[in-house]
Structures are given as C-alpha cells and as structure tokens.
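Undergrad: Heads up, the sequence shown is in the working numbering, so the first residue is 173 and it goes up one at a time.
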Amino acid sequence: MTLSAEFVVEGGRPLRGTLRVPGCKGISHRALLLAALADGRSQVSGLAEGGDVASTASALTALGVKIKRGSDGAASIVSGGPDTFREPTSPVDCGNSGTTMRMLAGVLAGCDLHAVLVGDESLSQRPMRRVVEPLRALGAQIDGGANATLAPLSIRGGKLRGAEVQLEVASGQVKTAVLLAGLRADGTTVVSEPFPSRDHTERMLSALGVPLQRLSDRSVSVRRGAPEPFELHVPGDPSSAAFYVVAACLIPGSSIVIEGVSLNPARVEYLDVLREMGASIETHVDGETVGEPYGSITVEAAALHGAEIRSTEAMVDELPALAIAAAFAEGTTTITDAAELRVKESDRIATLQQELAQLGIDVATADDGLVVHGGAPKGAVIKSHGDHRIALAGAVAGLAADGTTTVRGWRAIAVSYPDFERDLAGLLGEA
Ligand code: S3P
C-alpha cells in the first residue's frame, strides 16, 4: 500500500469490531536474528511488515543468511550459523531502526568478520555508547562516530570472553546485544540493568534450548550456545495495539477486540495505566508461543481521568499514545522517569508538547517527562517529525478530537505500521 504524505481524519466516529494488528516488531527482529544464529531452516509467519524489520532482514541478507519472504509476513530463514556469515562488501544499512543496529552489533561482535553499520539521519543521532561499552567489556573490537558514541559503528568481530556487565540504562535492545554476544563468548556472561526491561529475548532463547538463567528480574546470565532452528507465528504488536486501545477508550460508543496480540507482561503495562485512568479493558490469554503469551484485548469507551505515570522501559513506546489519553482525560496527568523519550526516533517530550499544543492542550515539560493538562482537544494540523509513534499518536488524537485533523509527515508510519489505515477502516465500518 502506498502511503500518502498526509493523513486526514474526521473526529468522533466510534471504533467497533475485531482486528488483528501486525506482528510484534520486537519479536520479529529477534526471530530473524535468532534464526540467523541457528544452524538450519527456521519458518516464521506473521512478521511485522514495516521498514524496521525489513532493515534487520536486509542486514542479515548482506551477511549471507538466506531469507525468503512470503505473503502475510511469512519467511523461511536458512542459515549455517554465525561461523558461515560472509563479510559484507559495503556498509550495512539499518535505516531508522535502533533495534537493528544495537542488536546486530551484539551478533557481529563475536563473528570473524568486519562490518560497518549505518543508519538514517535520525538513527545517526541516537546514543550508541550504551551498546559499545558493554560489548567492549566482553572484548569486542567496536568503534563508532563521535568517540564511539554514535553511528556509524565499525565492528571487527572476534574472540569474546564472558563478563559481568552492568548497564547504565535499562534497555531491551542493549541487553539483547550483550546476550547475543554472550552466546559467542567463552565462559559466562551476566547482564544486569537498573530496572527490568522487556524480556522477549530471554523467553525466546530459553524456549530454543540456549543455556540462559534469570538471576533476578533485572539480571540474566548466558553461556556459549546457539538457538535451535524453530517455527514461530509472531503474535500481534502490543505497541501497535495501543493506538486503537486509546482511541477506543476515548471515542464514545467504541467497543473493540484485538485478537492474537502478545500479552507479555513486560509489554502491556500500559493497559494497567489506562485502567488506573478509568478505562474499561480486559485481557484474555489464549496460549503461548516460543515462551510468549498471547491472546485478546477487549476495550469499551469510558471517561478517563488524569493519573501519575511513572514510566518504565516496558511502557516507553506507548507513552505517546498515553499522552493522547491524558490530553482527553479530566484533570492533570504527570509522566515522570521518561528521559528515554528524548532519544527515540524524535525527542518525544518536545514533539508531544509541540503537537498537543496544536490541539489546544497545555503541556509542561521536564527533563524526564511531561505534565499534560487534560481538556477538549480540537482538530488541527500536526506534524510527525519523522517519528512513526508521533504520527500514529496524532492519528488517535484526530480520531477522538472535535473537527478535522491532518497529520503531516504521515509516511513515517511505514517503519512499524504501514497498513494502519486499512485496519482502521475496518473498525470504522468502511472496509
Ligand atoms: C526495544 C526496546 C526499547 C523500545 C524499542 C524496542 C526492544 O528500546 O523503545 O522500540 O525491542 O528491545 P530500549 O532498548 O532503548 O529501551
């Protein structure tokens, strides 16, 4: 589907019905990387279709991994494991995807080849020291721009030794990079974080036979090993679901069910926040796949009130959607401990403040968060700042606001949810 430069929406129409959101981006990246580390053929279906996961797939292809994509996110991945990777002949393009760059750095640290990882303008400004330092602690030869703080990253892979690594920032991406490097290191690698971060990697590696041990909710160890080839259907993305969940809460008369979505507890904390704000949300677990629980989320419209939200890594991607919920809630919502928002695809503290102001909502900012004074947002022209989650949050605001909203820079959604409009049309009864 070709995306137009702008998304124009009339507010106030209820969302009704059942939908499935695209495959979880975090699980999709990991599925491709773990399949590449396995020796044999893996079959994955339901992969996220957006540009970010495509960046991981094309990076692995550049390393000689054979990936055949089918329809509906199906892929067959054939690899001989990292000892058979070939040296890429040109820089590997990670596009807009921080997950691709950071996790791949962990994979490459222990492979006997040289590779340079580059990204687009936004990714080139995002912090990389956080992944460079921990990998160096395992003996990796890795360097980067601006004194090893930014992309491009240059990695001369080789022998690694297990170490105890303490991360400065809780990060699912960096933890994964260290764990994947740890699979290639002699001895035991322990990675600890100041706070728990999402645990897809631990769940998947354990399910695929890797010697991994959870020492606490913020510390995990791994020894040399490789995942077995596997078959997996990727559950839906809770972060993509968040946009409909918030819209359905806000628009009177809405009632939706999102099926087949990951209900990993480390990804659905935002549902608890919305419940605390007065939302009517139920979840039902249907099963588990490669260690990941999945099921349905049911949402009915309900009046929301302000709340104090202390961010965790587990809900950082949903804060733009939660900020929209706050804009429509009665009273004030305070979001704290969210400094990481400043180093995402845009400075989301600044971009949320700027765009909520367009809708007539007063927002104060701090270094680590926002204070949103809820009100009655009015349709407006807002900008994505090249950031997919700001674009989609803008769409949610437009769906719930009075009047017409235009989201400029709409093509930014291509990295995570190119088919958003098709799925939305189904809920609006337009499909
Ligand atoms: C991710 C972790 C988070 C998140 C990102 C995906 C992951 O980033 O924002 O979208 O898949 O592990 P951090 O590692 O910076 O917390």
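Glycine included, C-beta positions come from ideal geometry on N, C-alpha and C.
Given that a residue counts as buried once 16 or more other Cβ atoms are within 10 Å of its Cβ, and exposed if not, what is Arg482?
TA: exposed
Undergrad: Comparing the CB of Val264 with every heavy atom of ligand 1, is any distance shorter than 6 angstroms?
TA: Val264 Cβ: outside cutoff for every heavy atom of ligand 1.
Undergrad: Are Gly503 and Gly546 close, meaning C-beta to C-beta below 7 angstroms?
TA: Between Gly503 and Gly546, the C-beta spacing is below 7 angstroms.
Undergrad: Alpha carbon to alpha carbon, what distance is there between Leu204 and Thr233?
TA: 10 angstroms
Undergrad: Going by alpha carbons, who is nearest to Ser411 out of Ser243, Lys197, Lys240?
TA: Lys197
Undergrad: Looking at Arg580 and ligand 1, is the gap between the Cβ and the nearest heavy atom below 6 angstroms?
TA: no
Undergrad: When you compare each of Val279, Leu491, Ser391 to Asp444 by their alpha carbons, which one comes out closest?
TA: Leu491
Undergrad: Could you give the C-beta distance for Asp489 and Pro194, rounded to a whole number, given that I count them as a contact under 8 angstroms?
TA: Actually they do not touch by this definition, with Cβ atoms about 14 angstroms apart.
Undergrad: Is the region 331 to 344 touching the region 353 to 365 in the sense that three or more CB pairs, one from each, lie closer than 8 angstroms?
TA: yes
Undergrad: Using DSSP's beta-bridge definition, name the partner residues of Gln385.
TA: Ser393
Undergrad: State the start and end residues of the unbroken beta strand (DSSP E) segment that holds Ala290.
TA: Note on residue identity: the sequence assigns Val, not Ala, to residue 290. Taken as a continuous stretch (DSSP letters only), the beta strand (DSSP E) holding Val290 covers 286 to 290.
Undergrad: Per DSSP, what kind of secondary structure is Ala584 in: helix, strand or coil?
TA: In the three-state reduction of the DSSP assignment, Ala584 falls in the helix class, which pools H, G and I.
Undergrad: Rounded to whole angstroms, what is the Cα-Cα separation between Gly558 and Pro299?
TA: 18 angstroms
Undergrad: Work out the CA separation of Ser369 and Gly137 for me, nearest whole Å.
TA: Outside the shown range of the chain (173 to 603) lies residue 137, about which nothing can therefore be said.
Undergrad: Which parts of the region 307 to 373 are runs of the beta strand (DSSP E), unbroken and 3 residues or longer, counting only runs that do not cross its ends?
TA: 313 to 316, 322 to 328, 336 to 338, 360 to 364
Undergrad: Three-state secondary structure (DSSP) at Asp444?
TA: DSSP places Asp444 in helix when its eight states are reduced to three.
Undergrad: Suppose only complete runs of 4+ residues qualify. What are the alpha helix (DSSP H) ranges in the region 455 to 525, listed by chain order?
TA: 491 to 500
Undergrad: What's the C-alpha gap between Glu431 and Thr190?
TA: 7 angstroms
Undergrad: My output table needs one value for Phe592: the three-state DSSP class, helix, strand or coil.
TA: helix
Undergrad: Is any non-hydrogen atom of ligand 1 found closer than 6 angstroms to the C-beta of Thr271, if you look at the structure I gave you?
TA: yes
Undergrad: Using a Cβ-Cβ cutoff of less than 6 angstroms, which residues in the same chain neighbour Val303 once the five nearest sequence positions on both sides are dropped?
TA: Arg274, Ala277, Val346, Ala349
Undergrad: If you measure from the CB of Asp539, is any heavy atom of ligand 1 nearer than 6 angstroms?
TA: no
Undergrad: Identify the continuous beta strand (DSSP E) that holds Leu206 and give its terminal residues.
TA: Run containing Leu206: none in the beta strand (DSSP E); it sits in the alpha helix (DSSP H), 197 to 209.
Undergrad: Between Pro399 and Leu209, which are expected to be in contact by the criterion C-beta below 8 angstroms, what is the C-beta distance as a whole number of angstroms?
TA: 6 angstroms
Undergrad: For ligand 1, is there a heavy atom less than 6 angstroms away from the beta-carbon of Asp489?
TA: yes
Undergrad: Taking Ala510 as the reference, which of Gly212, Val392, Ala486, Cys266 has the closest Cα?
TA: Ala486
Undergrad: Is the CB-CB distance between Arg333 and Asp358 below 7 angstroms?
TA: yes
Undergrad: Gln338: beta carbon under 6 angstroms from a heavy atom of ligand 1?
TA: no
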